[in-house]
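Student: Have a look at this one before I ask anything.
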Amino acid sequence: MEAIALIALATALYVAWAIGSNNESMAPLAGCGFLSLRWSLLLGAVTSLMGALLLGGRVEETMGSRLIRGGVSLIDAVIVMGILATSMAIASISRKPISSTHSAVGAIIGLGLLRGGLNGVNWRTLTIIAAGWFLFPILSLLIAAALTKLLKAALRRRVKGLRDRIRVAQAFCIALIPLVSIISLSRGGNDVANATALLSALEGLNPLHMRLLGGVGMALGLLILGGGVVRAVGLNLIQLRPETALAAQMSVALTLLSGTLLGLPLSGTHIQIASLIGLGLAERKWINVKALLEIFYSWILIFAAAGGAAAFLSAFIY
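With this note's numbering, you'll find the sequence shown wraps up at 1625, consecutive numbering, no jumps.
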């Protein structure tokens, strides 16, 4: 059993590290050039760790204790994290925005259905989570669209000439620091549950210690491998005007922090994409609906595939 425990802890650390290495929260700072890439990554690592420790408890409880009935075992935790690790490897190879949150929830549901049938799942909790997956991106979209229109109108009235535009751009870059810090804090609190929720639900393991393990893993992943993601996304974000970049980050910060405080496991990437759609709608730009549908279908597929894989592995092992 000690060997299984070590495997579980090592897998949780790897999953957290992989989540951190794909965290693009600091990209706006790298894009605007106000902070260097090194300092942006360090800020992201610190805020991710703080978010895991301070905000991760509620999401952990939702996923680890409230989602399925009958409790979980150490082997269950290894199964779920193994599926998560596999899905994240597939995401890296295919370069598709696969949600680790959808994978984790799907795998946990698969375990519950196998063990207890329909009674093995807390359908009320699952319904609340599913509603959050639907409503919070819509909220992010609407906030981003509204803020874009408001900021554009304000700038149109008050900004005159190149000097004013430079000052506004500098002010918006400064404003991005607390916003992306809130986003990174929220993602740390939300994403850590994907790696540690089932471990924290086990007797004999301290949830705070598990969140510390996950937070350290995410911080190391961001520091060691996150630079490439932050740099790549930052170069894309820099093409946005200051007011649109600020609107996007404000909407993500508000929605993701709210969901994390409510204990809802949410996809930060899901919410980020929704905010960018809101920007496009506000500016009446063409949106690639086909690409969006492909992303949406991939999320449904990974949820179902993770559940099926978890049920199969659990039946095979037990």
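Note that CB positions come from ideal geometry on N, CA and C, so glycine has one too.
What residue does the alpha helix (DSSP H) around PHE1341 start on, and which one ends it?
Tutor: Here residue 1341 refers to the residue found at position 34 of the sequence shown. Where PHE1341 is concerned, there is no enclosing alpha helix (DSSP H), given that its DSSP letter is neither H nor E.
Student: May I ask you to report which of helix, strand or coil DSSP gives VAL1428?
Tutor: Sequence index remark: in the sequence shown, residue 1428 carries index 121 (1-based). It is a strand residue.
Student: Flag this pair as yes or no: are the beta carbons of PRO1335 and VAL1487 separated by less than 8 Å?
Tutor: Mapped onto the sequence shown, residue 1335 falls at position 28. Mapped onto the sequence shown, residue 1487 falls at position 180. Result yes, Cβ atoms of PRO1335 and VAL1487 sit closer than 8 Å.
Student: Going by beta-carbon coordinates alone, are SER1406 and ILE1609 separated by less than 8 Å?
Tutor: For the purposes of this step, residue 1406 is taken as residue 99 along the sequence shown, with counting starting at 1. For the purposes of this step, residue 1609 is taken as residue 302 along the sequence shown, with counting starting at 1. It is a contact, given that the beta carbons lie within the stated cut-off.
Student: Which of the three DSSP states is assigned to ILE1405 in this structure?
Tutor: By one-based count along the sequence shown, residue 1405 stands at place 98. Three-state DSSP puts ILE1405 in coil, outside helix and strand.
Student: What is the residue span of the alpha helix (DSSP H) that TYR1604 lies within?
Tutor: Start at 1 with the first residue of the sequence shown, and residue 1604 comes out as number 297. Unbroken alpha helix (DSSP H) run through TYR1604: 1596-1624.
Student: Can you list, in chain order, the residues of its chain whose CB lies under 8 Å from that of ALA1312, leaving out five sequence neighbours each side?
Tutor: The residue you call residue 1312 lines up with position 5 of the sequence shown. Hits under 8 Å: LEU1381.
Student: Hey, how far is the Cα of ILE1314 from the Cα of VAL1385?
Tutor: As a working note, residue 1314 is residue 7 in the sequence shown. As a working note, residue 1385 is residue 78 in the sequence shown. Between ILE1314 and VAL1385, the C-alpha separation is close to 7 Å.
Student: Go ahead and pull the three-state DSSP assignment for ILE1545.
Tutor: Position 238 of the sequence shown, counted from the first residue, corresponds to residue 1545. The pLDDT assigned to ILE1545 is 48, lower than 50, so where the model puts this residue is not dependable; a value taken from the coordinates is nonetheless given after this. In the structure shown, ILE1545 sits in coil (DSSP, three-state: anything other than H, G, I, E or B).
Student: Can you name, in chain order, every residue of its own chain whose Cβ lies under 6 Å from the Cβ of GLY1419, other than the five neighbours on each side?
Tutor: Translated into the one-based positions of the sequence shown, residue 1419 becomes position 112. Hits under 6 Å: ILE1375, GLY1427, VAL1428.
Student: Contact check, VAL1537 vs SER1343 under 8 Å by CB: the rounded distance?
Tutor: As a first step, residue 1537 is located in the sequence shown; it is residue number 230 there, counting from the start. As a first step, residue 1343 is located in the sequence shown; it is residue number 36 there, counting from the start. That belief does not hold up - the Cβ atoms of VAL1537 and SER1343 are roughly 11 Å apart, past 8 Å.
Student: Using 10 angstroms around the beta-carbon of LEU1620, count the other beta-carbons present and answer buried if the total reaches 16, otherwise exposed.
Tutor: By one-based count along the sequence shown, residue 1620 stands at place 313. Its Cβ being crowded by 16 or more others within 10 Å, LEU1620 is buried.
Student: What number of angstroms, rounded off, separates the C-alpha of GLU1331 from the C-alpha of ARG1470?
Tutor: Counting from one through the sequence shown, the residue named residue 1331 turns up at place 24. Counting from one through the sequence shown, the residue named residue 1470 turns up at place 163. Going by the C-alpha atoms only, they are around 31 Å apart.
Student: Output the boundary residues of the alpha helix (DSSP H) element that contains GLU1309.
Tutor: For the purposes of this step, residue 1309 is taken as residue 2 along the sequence shown, with counting starting at 1. From DSSP, the alpha helix (DSSP H) with GLU1309 extends over 1309-1328.
Student: Terminal residues of the continuous alpha helix (DSSP H) containing ALA1508?
Tutor: As a working mapping, residue 1508 is identified with position 201 in the sequence shown. It is not in any alpha helix (DSSP H) - ALA1508 carries neither H nor E in the DSSP assignment.
Student: If you draw a straight line from the C-alpha of ARG1494 to the C-alpha of LEU1356, how long is it?
Tutor: Indexing the sequence shown from 1 puts residue 1494 at position 187. Indexing the sequence shown from 1 puts residue 1356 at position 49. Distance between the alpha carbons of ARG1494 and LEU1356: 10 Å.
Student: At a cut of 8 Å, does the segment 1511-1529 reach the segment 1584-1597 through at least three beta carbon pairs?
Tutor: Counting Cβ pairs under 8 Å, fewer than three are found: no touch.
Student: Within 10 angstroms of its Cβ, does GLU1550 collect 16 or more other Cβ (buried), or is it exposed?
Tutor: Mapped onto the sequence shown, residue 1550 falls at position 243. Classification of GLU1550: buried, given that the 10 Å Cβ count is 16 or more.
Student: For ALA1452 and ALA1589, which I take to be in contact (beta-carbon distance under 8 Å), what is that distance rounded to the nearest angstrom?
Tutor: Counting from one through the sequence shown, the residue named residue 1452 turns up at place 145. Counting from one through the sequence shown, the residue named residue 1589 turns up at place 282. Indeed, because the Cβ distance is near 4 Å, the residues count as touching under 8 Å.
Student: Indicate whether ILE1390 and ALA1622 have their beta-carbon atoms separated by less than 8 Å.
Tutor: Numbered from 1 along the sequence shown, position 83 holds the residue referred to as residue 1390. Numbered from 1 along the sequence shown, position 315 holds the residue referred to as residue 1622. Not in contact: ILE1390 and ALA1622 (Cβ atoms no closer than 8 Å).
Student: Please state if the CB of GLY1614 and the CB of ALA1319 are separated by a distance shorter than 8 Å.
Tutor: Walking along the sequence shown from the start, residue 1319 turns up at place 12. Walking along the sequence shown from the start, residue 1614 turns up at place 307. Not in contact: ALA1319 and GLY1614 (Cβ atoms no closer than 8 Å).
Student: Report the CB separation of GLY1306 from GLY1327 in whole angstroms; it is logged as a contact under 8 Å.
Tutor: Only positions 1308 to 1625 of the chain appear in this structure, which leaves residue 1306 out of reach.
Student: With DSSP as the reference, label THR1354 as helix, strand or coil.
Tutor: Residue mapping note: residue 1354 aligns to position 47 of the sequence shown, counting from 1. Three-state result, THR1354: helix.
Student: Closer than 8 Å is the cut-off here; do at least three beta carbon pairs connect the segment 1573-1586 with the segment 1462-1480?
Tutor: Not touching, per the Cβ criterion.
Student: Who are ILE1375's beta bridge partners in DSSP?
Tutor: The residue labelled residue 1375 in the question sits at position 68 within the sequence shown. In DSSP, ILE1375 forms a bridge with VAL1428.
Student: My output table needs one value for LEU1568: the three-state DSSP class, helix, strand or coil.
Tutor: Working through the sequence shown from its first residue, we reach residue 1568 at position 261. Helix at LEU1568.
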